[in-house]
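All residue numbers for the sequence shown refer to this note's numbering, where the first residue is 313 and numbers rise by one. For glycine and all other residues, C-beta sits at the position ideal for the given N, C-alpha and C. Written out below as structure tokens is the structure these notes cover.
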Amino acid sequence: MKSIEIQNSFGIDSLNQVERTEPTPGPGQVVVRVRAASLNYRDLMVVKGSYNPKQKLPLIPLSDGAGEVVATGLEATRVRAGERVAGTFFQEWTEGELTDQKARSSLGSPIDGMLAEYVVLNEDGVVHMPEHLTYEEAATLPCAAVTAWHALLTKGNLKAGETVLVQG
């Protein structure tokens, strides 16, 4: 399978297309055929080395993507082959407070991200795509949409009936 990696050093010129063995899922994991990936400013920072200069290389960048489940590992029961999913930004943060351990489970740094034909993700690290969204649309949601939701509902304490101004 093809993937794009940051190889020996950081920088746009260090991105290389490489062939890797097609992944197989472990217990509680799924393999997703990536149909679309999206870029965030964080991804550029990762590639340039300014996000985490101590990041171990090689690394497959990009935190956000969507695709189709093509294989499931033992104990994976939440999703099945053929289902459309998007990866979550933090593979190990599904509830509760964000801990240091959960923060170290982000796709695209420190763990391999979505810029590959196939990726292995935690079963709990994927969410079903809404039927009305394309892969391209769903690929934009994991980082940007959750950041906006967190800002409005968690930090902003937005309540039903209130009004917000969104500038873009």
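Sub-8 Å separation of residue i and residue j beta-carbons
i              : j              : result
isoleucine 316 : isoleucine 372 : yes
alanine 451    : alanine 398    : yes
asparagine 328 : leucine 369    : no
asparagine 352 : proline 422    : no
proline 337    : valine 343     : yes
proline 442    : aspartate 376  : no
Buried versus exposed, by CB contacts within 10 Å (16 or more), residue i
i             : result
alanine 457   : exposed
arginine 396  : buried
alanine 415   : exposed
leucine 427   : buried
glutamine 341 : buried
valine 476    : exposed
aspartate 424 : buried
threonine 459 : exposed
glycine 379   : buried
serine 362    : exposed
Terminal residues of the alpha helix (DSSP H) in which residue i lies
i           : result
alanine 451 : 447-451
leucine 369 : First-last for leucine 369: undefined, no H or E at that position.
Terminal residues of the beta strand (DSSP E) in which residue i lies
i             : result
lysine 314    : 314-318
glutamine 329 : 327-331
Contact belief for residue i with residue j at Cβ below 8 Å, rounded distance in angstroms
i              : j             : result
tyrosine 447   : arginine 345  : Their Cβ separation, rounded to whole angstroms, is 10 Å, which puts tyrosine 447 and arginine 345 out of contact at 8 Å.
methionine 313 : glutamate 334 : 5 Å
glycine 408    : leucine 374   : Their Cβ separation, rounded to whole angstroms, is 26 Å, which puts glycine 408 and leucine 374 out of contact at 8 Å.
I want to know whether the region 432-452 touches the region 376-391 - three or more CB-CB distances under 8 Å.
Verdict: yes, contact present.
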